[in-house]
Amino acid sequence: MVKVLINGYGSIGKRVADAVSKQKDMEVLGVTKTKPDFEARLAVEKGYKLYCAIPDKERLKAFEDAGIDVEGTILDVIEEADIVVDAAPKKIGKQNLESIYKPHKVKAILQGGEKANDVEDNFNALWSYERCFGKDYVRVVSCNTTGLCRILYAINSVVEINKARIVLVRRAVDPNDDKNGPVNAIKPNPVVVPSHHGPDVVSVIPEFEGKIITSAVIVPTTLMHMHTLMVEVNNNISREKLLEAIKETPRIKLFKAEEGFESTAKIIEYARDIGRLRYDLPELAVWEESVNVLENEIFLMQAVHQESIVIPENIDCIRAMLELESDKFKSIDKTNKALGIE
Ligand code: NAD
């Protein structure tokens, strides 16, 4: 059993901890929090060993004063870890990489809030598992990029892609965020076109350089992101063949509006109804009726559950970096079975 330390126990970190604890070949060494809040208390109640993320005596004392069992600071445990999954806020992952992981020679996974060139490589289980095998510092790309990589893999498995044009409609904030917005606006973000999402896909799939252009707006919703794709391919392909390829690609699920899945709200209601913890849907959701082929152009619409889509990718990334499984499909399968992914 390899030992995984999760540094930053927020939206992504708490899900990664729960996912690691469900695998047979890895275990949670500990989790970190910066302050003794209810999430820190719940982590201890769940049985995770808790460490203070900031190596500072005053900070550590705050946990003790709050009556929360804390084992020490991150520096007391870092060298026991086979790998760290960093799930700290944007930009802090890079700081942790330079100030903690590299000096202590511990392998580390950063998240999508960090930059592609902060690390040795960029991970998506379908596209770059082999490339990241045995590497020391890797970034699991963002939720939007993960969703795009999965659908492009499905399309690419049956027909060569000439170019992709994609409009992203981004959720404003996660449900637990009480600081940011917008509340009543549609905000081009970034306001420049192309947006950074295309280059982020290229960080995983270098052969798409020059082929993918994205633009993005943010809307007042917390549930999911939505993408509209227009993809030009080099051959005519039937809609049936494309749907078959989408069905065969791991971690993509087709939803039919005809069955009542008319919006992201209804897709999330499905995740709630089937009893998914925190209504997580790590599968990319593609609307079946939206899949259309006009000669050599493919059109479709998909939704991304931002808080959970990257969780199985972090698990596969751990297996690749620690060389626990050389076959990406075997790793994907192990992860999916352990997490109940369809
Ligand atoms: P979050 O704010 O929910 O959680 C971050 C956690 O890290 C908090 O508990 C915070 O207290 C803690 N933290 C703060 N400073 C720290 C430090 N110095 N060391 C360790 N931990 C520290 O953030 P999140 O949404 O979980 O995002 C984490 C990363 O995952 C970011 O890079 C983000 O871009 C990326 N990501 C987020 C989402 C999403 O939708 N939430 C999706 C994909 C990727």
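At the far end of the sequence shown sits residue 329, using my numbering, and the numbering has no gaps.
All C-beta atoms in this analysis are idealised placements derived from N, C-alpha and C, irrespective of residue type, glycine included.
Not a single heavy atom of ligand 1 lies less than 6 angstroms from the C-beta of K89. Exposure of L281 is indicated by the presence of fewer than 16 other C-beta atoms within 10 angstroms of its C-beta. Here the segment 146 to 154 lies against the segment 200 to 210, with 3 or more beta-carbon pairs under 8 angstroms apart. With respect to K150, E245 sits apart: the two C-beta atoms are not nearer than 7 angstroms. Assignment of beta strand (DSSP E) within the segment 104 to 191, counting only whole runs of 3 or more residues, yields 108 to 110, 124 to 127, 148 to 158 in chain order. If only uninterrupted beta strand (DSSP E) runs of at least 3 residues are considered, those enclosed by the segment 1 to 47 are 13 to 20, 37 to 39. Within 6 angstroms of the C-beta of Y35 there is not a single heavy atom belonging to ligand 1.
In its chain, beyond the 5 residues on either side, H91, V93 have a beta carbon closer than 8 angstroms to the beta carbon of E66. When the five nearest sequence neighbours on each side are left out, the beta carbons in the same chain lying within less than 6 angstroms of the beta carbon of E58 are those of K36, Y38, in order along the chain. Boundaries of the alpha helix (DSSP H) around S318: 315 to 326. When DSSP states are grouped into helix, strand and coil, E235 belongs to the helix group. Classified as exposed, M(-12) has fewer than 16 neighbouring CB atoms from the shown chains inside 10 Å of its CB. Of the candidates V64, V31, A68, L62, the residue whose Cα lies closest to the Cα of E51 is V31. Looking at the backbone, the Cα of A49 and that of A40 are separated by about 12 angstroms. For Y38, the shortest separation between its Cβ and any heavy atom of ligand 1 does not lie below 6 angstroms. A141 sits away from A290, with the two beta carbons spaced by 7 angstroms or more. Taken from the Cβ of D63, every heavy atom of ligand 1 lies 6 angstroms or farther away. Spanning the alpha carbons of I55 and N221 requires a straight line of approximately 60 angstroms. Checking the 6 angstroms criterion, the Cβ of Q10 is out of range of every heavy atom belonging to ligand 1. The segment 290 to 307 makes contact with the segment 262 to 279, as at least three CB pairs between them are under 8 angstroms. With a 10 Å radius around the Cβ and a threshold of 16 neighbouring Cβ atoms, N143 comes out buried.
With contacts defined as CB atoms closer than 7 angstroms, A74 and D303 fail to qualify as a contacting pair.
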